[in-house]
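In the numbering used here, the protein residues as written are 101 to 189. We put the beta carbon where it would ideally sit given N, CA and C, even for glycine. Remember, predicted model here, so these are calculated numbers, not experimental data. To keep things clear, I will list the structure first and then write my remarks on it.
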């Protein structure tokens, strides 16, 4: 972190604090988004297990690699889907 701060002070004289603060805000925002995605993936996996029983090996990697909007879409279909495959269509 000290190297980044030193580089920022050199590259952006007088503006280093602004850029460092902006960078920090962006990283926190990214971390929050990733955390929401991970939590949604875990919740969907739990609901799928509850609804359909044990899951095939392909489900967990598909869910964990999905975007938050994809996961939310699958969650919307879980209670109406007749089968596990129908959730992902």
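Residue i, buried or exposed, once every other Cβ within 10 Å from all chains shown has been counted against 16
i, result
"residue 141", "buried"
"residue 174", "buried"
For residue j and residue i, believed in contact at Cβ under 8 Å, the rounded distance
i, j, result
"residue 177", "residue 187", "5 Å"
"residue 168", "residue 146", "Contact flag wrong, Cβ pair sits at about 16 Å."
Assigned secondary structure, residue i (DSSP; H/G/I helix, E/B strand, else coil)
i, result
"residue 103", "helix"
"residue 121", "helix"
"residue 180", "coil"
"residue 189", "coil"
"residue 114", "coil"
- Considering only residues of the region 151-177, which uninterrupted alpha helix (DSSP H) runs meet the minimum length of 4 residues and lie entirely inside it, listed in chain order? Along the length of the region 151-177, whole alpha helix (DSSP H) runs at least 4 residues long occupy 159-165 and 168-177, reported in chain order.
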